[in-house]
Each structure stands twice: as structure tokens, then as C-alpha cells.
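Heads up, the sequence shown is in UniProt numbering, so the first residue is 1 and it goes up one at a time.
Glycine residues also receive a C-beta, built at the ideal position from the N, C-alpha and C atoms.
Remember, predicted model here, so these are calculated numbers, not experimental data.
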Amino acid sequence: MNAIRRGLGNGLVQAFLVVVGLIWLTPLAGLFVASLRSPEDTAKGGWWTALSAPAQMSFDNYSALLKNAGMTQAFWNTVMISVPTTALVVIIAALAGYAFAWLDFPAREPLFLLVVALLVVPVQIGLLPVAKLFGQLGLFGTIPGVVLFHVAYGLPFAVFLLRNYFAEMPKEMLEAARMDGGSEWRIFTRLVLPVGRPALASLAIFQFLWVWNDMLVALLFADGSSQPLTVELQTQLRQFGSNIDVLAPGAFLSLIVPVAVFFAFQRHFVQGVMAGSVK
Numbered sequence: 001m002n003a004i005r006r007g008l009g010n011g012l013v014q015a016f017l018v019v020v021g022l023i024w025l026t027p028l029a030g031l032f033v034a035s036l037r038s039p040e041d042t043a044k045g046g047w048w049t050a051l052s053a054p055a056q057m058s059f060d061n062y063s064a065l066l067k068n069a070g071m072t073q074a075f076w077n078t079v080m081i082s083v084p085t086t087a088l089v090v091i092i093a094a095l096a097g098y099a100f101a102w103l104d105f106p107a108r109e110p111l112f113l114l115v116v117a118l119l120v121v122p123v124q125i126g127l128l129p130v131a132k133l134f135g136q137l138g139l140f141g142t143i144p145g146v147v148l149f150h151v152a153y154g155l156p157f158a159v160f161l162l163r164n165y166f167a168e169m170p171k172e173m174l175e176a177a178r179m180d181g182g183s184e185w186r187i188f189t190r191l192v193l194p195v196g197r198p199a200l201a202s203l204a205i206f207q208f209l210w211v212w213n214d215m216l217v218a219l220l221f222a223d224g225s226s227q228p229l230t231v232e233l234q235t236q237l238r239q240f241g242s243n244i245d246v247l248a249p250g251a252f253l254s255l256i257v258p259v260a261v262f263f264a265f266q267r268h269f270v271q272g273v274m275a276g277s278v279k
């Protein structure tokens with residue numbers, strides 16, 4: 001009897017999760033269908049009408065997207081901003097997190113408290129001062145400038161997250177490695193990083209999604225030649241009636257990349273989120 005109840009309970013939970021998943025994926029599916037329709041068909045009715053007339057759908061819009069220099073350049077700008085930012089944040093935060101967790105150096109605790117304090121600083125406060133500084137340094141309106149801003153504001157949370165994760169590692173494990181003659185760098189690269197892979201993957205996903213979907217920082221720090229896809233879509237949106245054939249596939253491309261990244265690393269993401277919850 002208990003087994004039957006457990007089976008029914010698990011079945012209800014799974015059915016509920018399937019429904020939630022379908023609801024969550026509906027906008028993505030609708031945007032994909034809309035990206036396959038011509039502007040004339042789009043003007044006649046909603047995307048769901050294409051399901052009863054599949055002949056409306058084709059990949060002509062994606063051909064037009066590839067021929068749109070502004071959209072293609074914006075896509076590669078987004079890649080050149082998101083990938084280096086994510087890599088730099090993860091690498092620097094991993095080094096700093098290990099140092100704060102296991103190395104003794106002067107003012108370690110005050111410095112970590114300073115990092116924690118930076119978590120409460122809103123990004124809007126730094127926009128104008130950093131923009132003025134970047135203008136003096138020649139970084140304003142460039143991709144390196146956007147990357148540096150995202151790295152600076154992504155590091156406090158990243159260091160806080162990885163420091164707490166690394167600090168939960170067994171002390172005996174690190175002491176045994178030191179007794180075997182391992183240097184701090186060897187311990188960090190051969191022991192700490194492999195054990196901390198779930199946390200590193202979770203951080204990388206969070207950082208990548210944040211930067212990929214950002215528009216506020218890009219609006220201020222990127223010029224026409226370095227603006228990412230979010231800003232280009234906002235610019236194209238002003239001419240919605242005349243370029244829906246480019247706007248819809250561009251919006252789908254902007255959405256599908258972070259979704260694909262999340263599903264590709266979801267196993268590590270779940271492990272990182274659950275790490276430390278059960279000891």
C-alpha cells in the first residue's frame with residue numbers, strides 16, 4: 001500500500017514538473033515558430049496559426065539574418081564579451097577564493113569582509129564614475145571596456161561563492177597533500193579545482209547568463225561597433241513593422257544560446273547548487 005502511494009505521489013510530481021516545463025518552454029517554441037514565418041503571415045495572426053499551416057514556415061528569415069551585418073556583428077560582439085568575462089571571473093575568483101579559504105596572509109579577514117561589503121553596491125552607482133574613468137583611459141565604447149566592467153562587478157559574488165565552497169573541503173585532505181610535498185599551486189590545480197568543479201560550473205553558468213542578457217551596461221559602455229545583441233535588438237525594435245523577418249530570428253538566437261548553455265551544464269549546476277546542503 002505504501003509503495004502504491006509513493007508511486008502515485010512520484011507520478012503526480014513528475015506530471016506537475018512536465019506541465020511546468022511545457023509552460024516554461026512555450027514562449028521559446030512560439031518565438032521559434034514566429035522566426036520561421038514571413039512578415040505577411042505574422043501580420044495575419046499569432047504564431048500558433050502556423051501550426052495548422054506548416055507551409056508558412058521556412059528558414060528564409062535566418063538567411064536574411066545572416067545577411068544583416070548589424071545583427072551578425074552584434075552576435076559576435078556578444079560572444080567576445082561573454083566568453084572572456086566568464087573565463088576571467090571564474091579564474092580570478094577561484095584563485096582568490098582558495099587564498100581566502102586556506103592561505104594565511106596579512107589582513108585576510110578584513111579584505112574578505114570588504115569583498116562581502118561590495119556585494120551590496122548597486123551596479124548603477126558605478127556607471128557614471130567608471131564611464132568617466134574609461135573615457136580617460138581610452139576604453140569607453142570598446143569591448144575590453146565592457147569586459148572589464150563586468151569582471152569588476154562580477155568578482156565580489158564569485159569570490160564569496162567559491163571561498164565558502166572551498167572552505168567546506170576537508171582540512172585533512174589538504175594537509176595530507178602538503179605532507180606529500182605538494183606545493184600550493186599543485187594542490188590548487190590538481191586537488192581543489194577538480195573537487196570544486198560543480199561550484200565552478202555553477203558560477204560560470206550564472207556569469208555567462210548575466211553578461212549575455214545584459215543591456216544596461218552595454219547601452220552605456222558599448223558604441224555602435226561593439227554593441228552586443230541585446231542592444232542591437234532594441235535598436236531594430238524601433239523599426240518593428242519593417243524588419244520582423246530579422247528581429248524574430250535574432251531574438252530566438254539571443255534566447256537559445258543561454259538555454260543551450262544551461263542544459264549542457266545542468267548536471268554540474270545542480271551539483272553546485274546542492275553542494276554543502278547535506279554533509
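| Query | Result |
| --- | --- |
| Can you find at least 3 beta carbon pairs, one from the region 56-64 and one from the region 36-48, that sit closer than 8 angstroms? | yes |
| Taking a contact to mean a Cβ-Cβ separation below 7 angstroms, would you say residue 47 touches residue 34 in this structure? | yes |
| If you reduce the DSSP assignment to three classes, tell me which class residue 222 lands in. | strand |
| For residue 252, which residues from the same chain have a beta carbon less than 7 angstroms from its beta carbon, with the 5 sequence-adjacent residues on both sides left out? | 31, 32 and 35 |
| Can you tell me whether DSSP reads residue 279 as helix, strand or coil? | At residue 279 the pLDDT is 41, less than 50, meaning the model places this residue with poor confidence; the figure from the coordinates comes in the next sentence. In the structure shown, residue 279 sits in coil (DSSP, three-state: anything other than H, G, I, E or B). |
| In whole angstroms, give me the CA-to-CA distance for residue 112 and residue 125. | 21 angstroms |
| If we count Cβ pairs, one from each stretch, closer than 8 angstroms, do we get three or more for the region 87-96 versus the region 141-152? | yes |
| Can you have a look at residue 204 and say buried or exposed, based on whether 16 or more other CB atoms are within 10 angstroms of its CB? | buried |
| Return the CA-CA distance between residue 82 and residue 156, expressed in angstroms with no decimal places. | 18 angstroms |
| Provide the residue span of the alpha helix (DSSP H) that contains residue 38, from first to last. | It is not in any alpha helix (DSSP H) - residue 38 carries neither H nor E in the DSSP assignment. |
| For residue 280 and residue 215, what's the separation of their Cα atoms in angstroms? | Residue 280 cannot be examined here, being either before or after the span of the chain that is shown, 1 to 279. |
| Three-state secondary structure (DSSP) at residue 182? | coil |
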